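Trainee:
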Amino acid sequence: MAIHIEPTQATLGAVVTGVRIAALADGEWRAIEDAFHQHGLLIFPGQHPSHEEQLAFARRFGDIEVLAEGMTTVPIANLDPQGKLLAQDSQRMQLLKGNEGWHTDSSYMHLASKAAVLSAHVLPSAGGETQWADARAAYDALDEATRARIADLVACHDYFRSQAKIGHQAEVGSGYGFFAGEKPLRPLVKVHPVTGRKTLYVGRHASSIVGLPDDEAEALIARLNEFITSPPRVYTHHWQVGDLVVWDNRCLLHRARPYDYNETRIMMHTRIKGDPRTESALNAPGLAA
Ligand SMILES: [Fe+2]
Numbered sequence: 018m019a020i021h022i023e024p025t026q027a028t029l030g031a032v033v034t035g036v037r038i039a040a041l042a043d044g045e046w047r048a049i050e051d052a053f054h055q056h057g058l059l060i061f062p063g064q065h066p067s068h069e070e071q072l073a074f075a076r077r078f079g080d081i082e083v084l085a086e087g088m089t090t091v092p093i094a095n096l097d098p099q100g101k102l103l104a105q106d107s108q109r110m111q112l113l114k115g116n117e118g119w120h121t122d123s124s125y126m127h128l129a130s131k132a133a134v135l136s137a138h139v140l141p142s143a144g145g146e147t148q149w150a151d152a153r154a155a156y157d158a159l160d161e162a163t164r165a166r167i168a169d170l171v172a173c174h175d176y177f178r179s180q181a182k183i184g185h186q187a188e189v190g191s192g193y194g195f196f197a198g199e200k201p202l203r204p205l206v207k208v209h210p211v212t213g214r215k216t217l218y219v220g221r222h223a224s225s226i227v228g229l230p231d232d233e234a235e236a237l238i239a240r241l242n243e244f245i246t247s248p249p250r251v252y253t254h255h256w257q258v259g260d261l262v263v264w265d266n267r268c269l270l271h272r273a274r275p276y277d278y279n280e281t282r283i284m285m286h287t288r289i290k291g292d293p294r295t296e297s298a299l300n301a302p303g304l305a306a
């Protein structure tokens, strides 16, 4: 069966069938990499990847970002290590709730993420979808006055502040090695290092803008996030067990949708590091090429 790449109805995303991500021919990989750059999000139904297969597939996209406790593929699940449902007020549950706000992975770190792989292993009976929004198409659709206004603006990305907004006092070192020193500064307009397309780079971790009063910055950030995450720039994925997806964190936002937290949801997540030449914060020490 030949590889088939079917774009979604949104400006981003395509469903890829006719391949096994664990056994890709060279030509299939080239088609997948091209489609990744074109669509930003690829959905592979029915893959049922082992952790090793998921990690090997993620490695095709680049070096892996080490997440909690030295792990390269981590569960995103509402269970504790003993397999019991997490308490609603636990640090881990607050982190998962934070993922329900539009964001791009690791923008609050010195080195932001390039891409991420996620697969579905146990799903609740309803809800728990993932949504992605197209920040490239958003830049393209932006009015000229706003483009001119934001052209040289730089935002500060602050995990602690974005969690505080949802009522969570995040603990330093609570599992993800949160950036605890000087907060990273990132331009609001990013040039995609492969496609050269301009893209809005905002999300919920953008918490202030250099040179703007806080209220003005917050209003601008909220307006840009709202614009990025409006149709036709949003795709919603209704998961089936065995699905695997990969997305480009350099040009998309994403969020998890709520579900009944008394039911179990287990996803496996692998994060690919950004290139230090293009995904470093402006104030990252010693990373600029
Ligand atoms: Fe995320």
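For the sequence shown, the residue numbers in our numbering are 18 to 306. Even glycine gets a Cβ: it sits at the ideal position worked out from N, Cα and C. Quantities reported herein were computed from a predicted structural model and do not represent experimental measurements.
#1: Please return the same chain residues whose Cβ sits closer than 8 Å to the Cβ of I245, not counting the five positions on each side in sequence.
#2: Using a Cβ-based criterion (distance less than 7 Å to any ligand heavy atom), does D265 qualify as near ligand 1?
#3: Based on DSSP bridge pairs, tell me the residues matched to I93.
#4: If distances are taken between C-alpha atoms only, which option among D122, A239, D43 and Q105 comes closest to N279?
#5: Pick from V91, I49 and T163: whose alpha carbon is nearest that of G30?
#6: With a threshold of 8 Å, are at least 3 pairs of Cβ atoms found where one atom belongs to the region 231 to 248 and the other to the region 43 to 62?
#7: Identify the continuous alpha helix (DSSP H) that holds K114 and give its terminal residues.
#8: Please say whether G228 and A129 have beta carbons closer to each other than 8 Å?
#9: If you count every other CB in all the chains shown that lies within 10 Å of the CB of A273, and 16 or more means buried, which is it?
#10: Kindly examine ligand 1 and report whether one of its heavy atoms sits closer than 7 Å to the Cβ of H271.
#11: For ligand 1, is there a heavy atom less than 7 Å away from the beta-carbon of H120?
Mentor: The relevant details are as follows:
#1: As a first step, residue 245 is located in the sequence shown; it is residue number 228 there, counting from the start. Only W119, A150, D151, A152, A155, L217, V219 and L270 meet the Cβ criterion.
#2: Translated into positions along the sequence shown, residue 265 becomes position 248. Every heavy atom of ligand 1 is 7 Å or more from the Cβ of D265, so no.
#3: Sequence index remark: in the sequence shown, residue 93 carries index 76 (1-based). M284, per the DSSP bridge assignment.
#4: Taking the first residue of the sequence shown as 1, we reach residue 279 at position 262. With distances taken between Cα atoms, N279 lies closest to Q105.
#5: Along the sequence shown, read from residue 1 onward, the residue named residue 30 stands at position 13. Ranking the options by Cα distance to G30, first place goes to I49.
#6: no
#7: Residue 114 sits at position 97 when you count from the first residue of the sequence shown. It spans Q108 to G115 - the alpha helix (DSSP H) in which K114 sits, taken as one unbroken run.
#8: What you label residue 129 is simply residue 112 of the sequence shown in a count that begins at 1. What you label residue 228 is simply residue 211 of the sequence shown in a count that begins at 1. Cβ atoms of A129 and G228: not closer than 8 Å.
#9: Position 256 of the sequence shown, counting from 1, holds the residue named residue 273. Classification of A273: buried, given that the 10 Å Cβ count is 16 or more.
#10: By one-based count along the sequence shown, residue 271 stands at place 254. True, at least one ligand heavy atom lies under 7 Å from that Cβ.
#11: In the sequence shown, counting from the first residue as 1, residue 120 sits at position 103. At least one heavy atom of ligand 1 is nearer than 7 Å to the Cβ of H120, so yes.
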